[in-house]
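**Q**
Residue numbers (full-length UniProt numbering): 1 to 932.
Here is the structure:
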């Protein structure tokens, strides 16, 4: 600390030779006697008495002491002040006894910075608030606390260490000098240096003691002062302009910190929409699959749905007579399409309900979440967050933007927690009442207002008008099941055409395969000049086969319908299935053919209204549908030289046509004592729509049609050609009255690929018949075009496909293809030798034959038939005897277990004789589809 003192204690070099020096002299080279004198010069005063060397040395040391003691004292005094200040600084800045003072000064500084910011007249409150956030940081960076405490330390030390302490230190230093005794043997300079060092040591020891004493007292005084009032320094804290730069920067960058579209997006997506959705869900809508809904909320939802449906149904009823889609329809048509419209409305009106519920949710959300104030809060939070980044990264727009967005999102989350709870409570008050307070029930007045709003919205949305339009345009009456009719139009495009499909599955039940269970699926379509007949059956049974004999019995479901077109027959089949299922399981029938009560009508009425429309549209003019059970016994035998077969069938059916329906409704009215409304026969558009349930009961009768069928076939060899003959007949009873009889004898000359055929048979069946059949298809196409047939396109396609197959039979190039195809599958065929012996009159033993199991053939069929009909009372009607010719093409695959057969036949010509509707005899004929 006192290096300068040690450096200044060195004496200058002594004079050399006889040089003199004024005053006391000390030498570092050795002692020179003070008494040495130069010769006196003339004219000088007399010399003083000489001092002894000891006296001179002592005087020299004293002179040196007096020169340096003030300097040493000053330096010791300054060192004392510096040491005291250093320790006082450390005490104030670090000692826990001064913690309260530091905190007080820091807080005072922060407060003054904030006050300075607040006093600014050019900044907004939000800008000031953001600048204030960094007040403490600015106090720290400006070292305001340190500066204030340092000034306090300086003032305290100066006040505590007065100038008297310097005099004390000077005296102590002099004492140190005086403690060094003169030594003549020691050079003066060296002894002066030793004396100075001793003076410094003595002074320093005194200074150190004084420092400890003074600092102890200073700390004690400060501690007491802090204890009495730690804020004594607060008033004198000087913060200068700390924090004002942040305020200026915040003000200057205010508009650039966040874009308005960011705030708009966060307000909408993070706040308003979630709160609105929460309200909507609380009102009972847009809930997830696994969410639970209280009974009160369910009742509220039902109340709104009921209001919507009531209004929509009322609007529909009021528009049926004036709406262009229904104004021209019959009473039944209006009732039917009105029903469908009401069903559509049940779905469409949900949009109106949702719109009103959304509006209610929006009103609640806006009430708890004022737009301007909320966006302002989001923007303030965004700016505050962005400014924090902008202070350190003023040029990084991406980081500033991200910070702004994050700040707004944090604020949105904070608001969402509070405001969503408030909004949900408001919604709950509507549906259930105040939570936790049973004395405040659901707001039924508000519920009523919302329900009324739903009704208004339904009308405003024109739900009724739209529903009527959709109901008519959808045309569900002819949709769905009727689409199968397109396949029928392809299969039987022209008058006199028929097609059949048959699939059999034989599953052996023992290892020999002789006994089997049977599943059968069959369908047939036949088109005449004025009607189309389609039937289908699904059967199950069992049979056995042995020694060329195959016999089986099967039973199952049979359906048949007749109408003017393919759509009609399919819809009548659907009608028949409805009636049949209604007899077995009414609820199931209503489920599949009704509307589930969505129209506001009873389910039975909905289904019966549909049925009445089917009657009106497709069951007129003698059309009908039969549905019921069938059973058939069938046997075939192969005798080698001949193949024979026979079958016997029985059908127990429900027969529905206009006549039957009107009779059954009249019978029911008579039994129940009910008088039918004028003109209401119970059929089609004459159905009493007010008594649909009565009609359903009236048509729930037992089977009323019995059909007996029998047939026999034989196939014999005429040369190398197999010729088939058949005889079949059917007898039908309705309500135990004979209604129809049909007998037909038929002969067939086939050409089959892979089989031996005579030239005459090949000419007749492979050439002439397909060519004439193709000509008929062309004629049918022209007829369809001239009539403007609605199904002309599909029928035309069917005719083209059929003509193509006819052409293939006539092409020699196809012979190898056809033969190769039928030989793909071969199998064994067993011959019954016993029957063969009966036919030939000779006992034989035949080996098993290998035959083709794929049949591809074209045949010429000649038939003679007799048909007779009776009225419902048993009175004979018209009869007819006819002779006809037809082409039949067959494709069959017999894979033992499974058998598939497709057959297409078309009438080439017909000649008949019989009575007409008036009972008059007349000839009837037709050729290539043209009839007279």
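The beta-carbon is built from N, C-alpha and C at its ideal position, and this holds for glycine as well.
How is the alpha helix (DSSP H) around residue 308 delimited, first residue to last?
**A** Here residue 308 refers to the residue found at position 308 when the chain shown is read from its first residue. Where residue 308 is concerned, the enclosing alpha helix (DSSP H) stretches over 295-319.
**Q** Contact criterion: CB-CB distance below 8 Å. Does residue 857 meet it with respect to chain C?
**A** The structure shown contains no chain C; it holds only a single protein chain.
**Q** From residue 472 to residue 311, what distance separates their C-alpha atoms?
**A** The sequence position of residue 472 within the chain shown is 472, counting from 1. The sequence position of residue 311 within the chain shown is 311, counting from 1. Approximately 20 Å between the Cα atoms of the pair.
**Q** Just curious, the alpha helix (DSSP H) that residue 592 is in, first and last residue?
**A** Counting from 1 along the chain shown, the entry for residue 592 is found at position 592. For residue 592, the enclosing alpha helix (DSSP H) covers residues 586-593.
**Q** Kindly provide the ranges of any alpha helix (DSSP H) runs that are 4 or more residues long and lie completely inside the stretch 121-188, ordered along the chain.
**A** 125-132, 135-141, 144-160, 164-178
**Q** Within 8 Å, do at least three Cβ pairs link the stretch 644-652 to the stretch 701-710?
**A** yes
**Q** Given a cut-off of 8 Å, decide if residue 84 and residue 218 are closer than it, judged by their beta-carbon atoms.
**A** Here residue 218 is taken as the residue at index 218 of the chain shown, counted from 1. Here residue 84 is taken as the residue at index 84 of the chain shown, counted from 1. Yes, the pair counts as a contact, with Cβ atoms nearer than the cut-off.
**Q** By a C-beta neighbour count over all protein chains shown, 10 Å radius and 16 as the cutoff for buried, is residue 202 buried or exposed?
**A** Counting from 1 along the chain shown, the entry for residue 202 is found at position 202. A residue is called buried when at least 16 other Cβ atoms come within 10 angstroms of its Cβ; residue 202 meets this threshold and is buried.
**Q** Taking DSSP as the reference, what is the three-state secondary structure of residue 511?
**A** Residue 511 sits at position 511 when you count from the first residue of the chain shown. In this structure, residue 511 counts as coil in the three-state DSSP scheme.
**Q** Leaving aside the five residues before and after residue 589 along the sequence, list all residues of the same chain whose C-beta is less than 7 Å from its C-beta, in chain order.
**A** Start at 1 with the first residue of the chain shown, and residue 589 comes out as number 589. Result list for residue 589: 578, 581, 582, 607, in chain order.
**Q** Quick one: which unbroken alpha helix (DSSP H) runs of 4-plus residues sit fully inside the stretch 607-685? Chain order, please.
**A** 658-672
**Q** List the DSSP bridge partners of residue 574.
**A** As a position in the chain shown, residue 574 is number 574, starting the count at 1. None; residue 574 has no bridge partner.
**Q** Tell me the rounded alpha-carbon separation between residue 574 and residue 612.
**A** The sequence position of residue 574 within the chain shown is 574, counting from 1. The sequence position of residue 612 within the chain shown is 612, counting from 1. Whole-angstrom Cα-Cα distance: 13 Å.
**Q** Taking a contact to mean a Cβ-Cβ separation below 8 Å, would you say residue 914 touches residue 925 in this structure?
**A** The residue given as residue 914 occupies position 914 in the chain shown. The residue given as residue 925 occupies position 925 in the chain shown. Against a cut-off of 8 Å, the Cβ pair of residue 925 and residue 914 comes out as no contact.
**Q** Just the C-alpha distance for residue 206 and residue 105, rounded to the nearest angstrom, thanks.
**A** Within the chain shown, numbered from 1, the residue matching residue 206 stands at position 206. Within the chain shown, numbered from 1, the residue matching residue 105 stands at position 105. Each residue's alpha carbon lies about 35 Å from the other.
**Q** On the criterion of 16 or more Cβ atoms from any shown chain inside 10 Å, does residue 507 qualify as buried, or is it exposed?
**A** In the chain shown, counting from the first residue as 1, residue 507 sits at position 507. If you draw a 10 Å sphere on the C-beta of residue 507, you find fewer than 16 other C-beta atoms in it, and that means exposed.
**Q** In this structure, what does DSSP give as the bridge partners for residue 882?
**A** To locate residue 882, count along the chain shown from 1; it is residue 882. In DSSP, residue 882 forms a bridge with 865, 912.
**Q** For residue 600, which of helix, strand or coil comes out of DSSP?
**A** Counted from its first residue, the chain shown places residue 600 at position 600. It is coil, neither helix nor strand.
**Q** Helix, strand or coil for residue 34 per DSSP?
**A** Locating residue 34 in the chain shown gives position 34, counting from the first residue. The predicted model places residue 34 with a pLDDT of 35, which falls under 50 and marks its position as unreliable; any figure quoted below should be read in that light. Of the three classes helix, strand and coil, the one that applies to residue 34 here is coil, per DSSP.
**Q** Does the separation of the CB atoms of residue 548 and residue 638 fall below 8 Å?
**A** Within the chain shown, numbered from 1, the residue matching residue 548 stands at position 548. Within the chain shown, numbered from 1, the residue matching residue 638 stands at position 638. The answer is yes: Cβ separation under 8 Å.
**Q** Here's the rule I'm using: 16 or more other beta-carbon atoms within 10 Å means buried, otherwise exposed. How should residue 417 be labelled?
**A** The residue given as residue 417 occupies position 417 in the chain shown. So residue 417 counts as exposed.
**Q** Would DSSP call residue 926 helix, strand or coil?
**A** The sequence position of residue 926 within the chain shown is 926, counting from 1. Taken through DSSP and simplified to helix, strand or coil, residue 926 comes out as strand.
**Q** Is the beta carbon of residue 301 less than 8 Å from the beta carbon of residue 365?
**A** As a position in the chain shown, residue 301 is number 301, starting the count at 1. As a position in the chain shown, residue 365 is number 365, starting the count at 1. Between residue 301 and residue 365, the C-beta gap is not smaller than 8 Å, which leaves the two residues out of contact.
**Q** Could you give the DSSP three-state label for residue 428: helix, strand or coil?
**A** On the chain shown, position 428 is the one that residue 428 refers to. Residue state, collapsed to three classes: helix.
**Q** On the DSSP letters alone, give me the boundaries of the alpha helix (DSSP H) that residue 1015 sits inside.
**A** As shown, the chain starts at 1 and ends at 932. That puts residue 1015 outside it, with no answer to give.
**Q** Using a Cβ-Cβ cutoff of less than 7 Å, which residues in the same chain neighbour residue 764 once the five nearest sequence positions on both sides are dropped?
**A** Locating residue 764 in the chain shown gives position 764, counting from the first residue. Only 749, 860 meet the Cβ criterion.
**Q** Could you check whether residue 696 and residue 688 sit closer than 8 Å to each other, using their CB atoms as the reference points?
**A** Counted from its first residue, the chain shown places residue 688 at position 688. Counted from its first residue, the chain shown places residue 696 at position 696. No, these two residues do not count as a Cβ contact at 8 Å.
**Q** On the three-pair Cβ rule with 8 Å, is the stretch 511-528 touching the stretch 595-609?
**A** no
**Q** Is the stretch 233-242 close to the stretch 352-367, with three or more CB pairs under 8 Å?
**A** no
**Q** Are residue 497 and residue 527 touching if we call contact CB-CB under 8 Å?
**A** Reading the chain shown from its first residue, position 497 is the one you call residue 497. Reading the chain shown from its first residue, position 527 is the one you call residue 527. The answer is yes: Cβ separation under 8 Å.
**Q** Buried or exposed: which applies to residue 121, given that a residue is buried once 16 or more other Cβ atoms fall within 10 Å of its Cβ?
**A** Looking up residue 121 in the chain shown gives position 121. The residue is exposed, with fewer than 16 neighbouring Cβ atoms inside 10 Å.
**Q** Among 563, 609, 504, which one has its Cα closest to the Cα of residue 620?
**A** Numbered from its first residue, the chain shown carries residue 620 at position 620. For residue 620, the nearest C-alpha among the options comes from 563.
**Q** If we ignore side chains and look at the alpha-carbon of each, how far apart do residue 229 and residue 102 end up?
**A** Position 229 of the chain shown, counting from 1, holds the residue named residue 229. Position 102 of the chain shown, counting from 1, holds the residue named residue 102. Their Cα atoms are separated by approximately 12 Å.
**Q** Would residue 886 and residue 905 be called neighbours here (beta carbons separated by less than 8 Å)?
**A** As a working note, residue 886 is residue 886 in the chain shown. As a working note, residue 905 is residue 905 in the chain shown. Yes, the pair counts as a contact, with Cβ atoms nearer than the cut-off.
**Q** Going by beta carbon distance, what residues of the same chain come within less than 6 Å of residue 922, once the five residues before and after it are set aside?
**A** In the chain shown, residue 922 corresponds to position 922, counting from 1. Contacts found: 916.
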